[in-house]
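Taking the working numbering as reference, the numbering of the sequence shown is continuous, increasing by one, and the terminal residue is 247. The beta-carbon is built from N, C-alpha and C at its ideal position, and this holds for glycine as well. For clarity, every value in this text was computed on a predicted model and none was experimentally measured.
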Amino acid sequence: MKLGAQLYTLRDQMNADPAATLARVADIGYKHVQVSGFSYDASELKSICDGLGLSIPLTHTPPERILNDTQQVIADHKTMNCPYVGLGGMPHQYRCAGGAKQFIKDFTPAMEQFAAAGLKFQYHNHSFEFERFDGVTLFDELIKHSDPALLGFILDTYWVQHGGLDVPALIRRMAGRIDVCHLKDMTIVNNEQRYAPVGHGNMNWPPILAAFAEIGTQFAFVEQDECYGECPLDELAKSFEFLK
């Protein structure tokens with residue numbers, strides 16, 4: 004897998020000084036970044052990344068832009084040479100019984116336009132998708148009722164663990180549908196689940212990484228939603244050193 008940094012981890016720094024922040028990301032050793040959590044101009048961001056030897060394979064794009072500004076989303080991704088259009092989470096109105104089917108119905112026209120343009124839509128999970136409605140999870144409904152040619156998954160290791168599932172087993176069950184993933188660790192502080200740099204929490208990384216390699220996942224983006232007072236760049240560096 005090619006290793007990247009999920010820039011949501013650095014959202015405050017990216018909004019303040021994107022060029023300096025991306026230079027630090029490149030200095031750590033990352034070669035790829037995911038755009039998420041900050042405002043940007045596609046051309047300007049691509050120019051900065053090109054100068055630092057960084058590629059942009061994946062975004063998180065707001066759902067309203069995906070639905071209502073689809074062609075501009077496509078144009079921005081083409082500008083950034085970015086093949087994957089990511090959605091960071093399911094809008095709240097779909098988080099209910101039957102919600103996954105309605106989500107797929109509503110987003111399929113955009114997915115089809117992405118596919119026609121040579122892009123692919125990617126859905127990022129949290130743990131709410133593993134809640135059961137009439138014995139079936141939203142996650143299983145998303146898999147069952149979506150077209151693999153149109154919808155892939157940004158599988159997030161922390162949230163799968165948070166949802167109580169066997170992470171490597173789920174990865175293997177989804178072979179062919181995880182081109183990109185999020186590597187995120189979980190630790191416990193005062194009996195509270197917290198995010199941690201990869202390799203500094205309690206998740207069992209060798210079988211997780213082996214499962215992603217086995218199914219041919221292309222990109223793995225390190226993410227840490229909160230850093231609890233630590234420098235986010237330093238936290239990304241700890242993850243990079245562990246994974247290297």
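| Item | Value |
| --- | --- |
| Need the endpoints of the beta strand (DSSP E) that residue 60 sits in, please. | 58-63 |
| Throw me the rounded Cβ distance for the residue 141 and residue 98 pair, which I believe falls under 8 Å. | 7 Å |
| Quick check on residue 153: does DSSP put it in helix, strand or coil? | coil |
| Classify residue 41 as helix, strand or coil using the three-state DSSP reduction. | coil |
| Measuring alpha carbon to alpha carbon, tell me which residue in 63, 211, 14 and 20 is nearest residue 163. | 211 |
| Quick check on the DSSP output: what are the complete beta strand (DSSP E) runs of length 3 or more inside the stretch 168-232, in order along the chain? | 183-186, 188-192, 195-199 and 222-225 |
| So, at 8 Å on beta carbons, what are the nonlocal neighbours of residue 31 in its own chain, with the 5 sequence-adjacent residues on each side left out? | 8, 236, 239, 240 and 243 |
| Could you tell me how far apart the beta carbons of residue 157 and residue 203 are, in whole angstroms, since I believe they sit closer than 8 Å? | Not confirmed; about 22 Å, so no contact. |
| The alpha helix (DSSP H) that contains residue 161, what's its start and end? | 160-165 |
| Does DSSP classify residue 14 as helix, strand or coil? | helix |
| Are the Cβ atoms of residue 60 and residue 35 separated by less than 9 Å? | yes |
| Quick check: the Cα distance between residue 18 and residue 93, rounded to an integer number of angstroms? | 24 Å |
| Quick check on the burial criterion: 16 or more other C-beta atoms within 10 angstroms. Buried or exposed for residue 192? | exposed |
| Leaving out the 5 sequence neighbours to the left and right, which residues in its chain are closer than 8 Å to residue 107 when beta-carbon positions are compared? | 145, 148, 149 and 154 |
| Measure the CB-CB distance between residue 101 and residue 63 and report whether it falls below 9 Å. | no |
| From residue 110 to residue 67, what does the alpha carbon distance come to, in whole angstroms? | 10 Å |
| Under the assumption that residue 113 contacts residue 174 (Cβ atoms under 8 Å), give the Cβ distance between them as a whole number of angstroms. | About 26 Å; that fails the 8 Å criterion. |
| Just verifying my parser: in three-state terms, what is the DSSP assignment at residue 33? | coil |
| Rounded to the nearest angstrom, what separates residue 171 and residue 232 at their Cα positions? | 31 Å |
| Going by DSSP in three states, residue 145 sits in which element: helix, strand or coil? | helix |
| Alpha carbon to alpha carbon, how far is residue 39 from residue 80? | 13 Å |
| Hey, would you say the C-beta of residue 208 is under 8 Å away from at least one heavy atom of the ligand FMN? | No copy of the ligand FMN appears in this structure; indeed no ligand is present at all. |
| Does residue 209 pass the burial test, meaning 16 or more other C-beta atoms within 10 Å, or should it be called exposed? | exposed |
| Let me know the alpha helix (DSSP H) ranges lying completely inside the stretch 61-125, each 4 residues or longer, listed in chain order. | 66-71, 73-82 and 102-119 |
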